[in-house]
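See below for the structure under consideration.
Numbering (this note's numbering), first residue to last: 1320 to 1403.
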């Protein structure tokens, strides 16, 4: 049986699939770029409409690593890797 692979554009990790065009989700977005530890989901203490500047309400922090001071806030999202 053929085995197809794809490389994550963010971290370079190789993922494998049994079918061509298969999609794998890389878990690199869940790890801290500073220390490599697994981060926890971030829930802001204020409502989302509190944040913003010039009528923009963009708040993209998804994960936080509390092992540092100041804490490391990550805006990375899950990366889909296509295996070809």
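Just so it is clear, CB atoms sit at the ideal spot from N, CA and C, and this is done for glycine as well.
Sub-8 Å separation of residue i and residue j beta-carbons
i            : j            : result
residue 1361 : residue 1381 : yes
residue 1400 : residue 1330 : no
residue 1321 : residue 1334 : no
residue 1358 : residue 1383 : yes
residue 1351 : residue 1327 : no
Reduced DSSP secondary structure (H/G/I, E/B, other) of residue i
i            : result
residue 1330 : coil
N-terminal and C-terminal residue of the beta strand (DSSP E) that residue i is part of
i            : result
residue 1392 : 1391 to 1393
residue 1399 : 1398 to 1402
residue 1345 : 1341 to 1345
residue 1354 : Run containing residue 1354: none; DSSP gives neither H nor E here.
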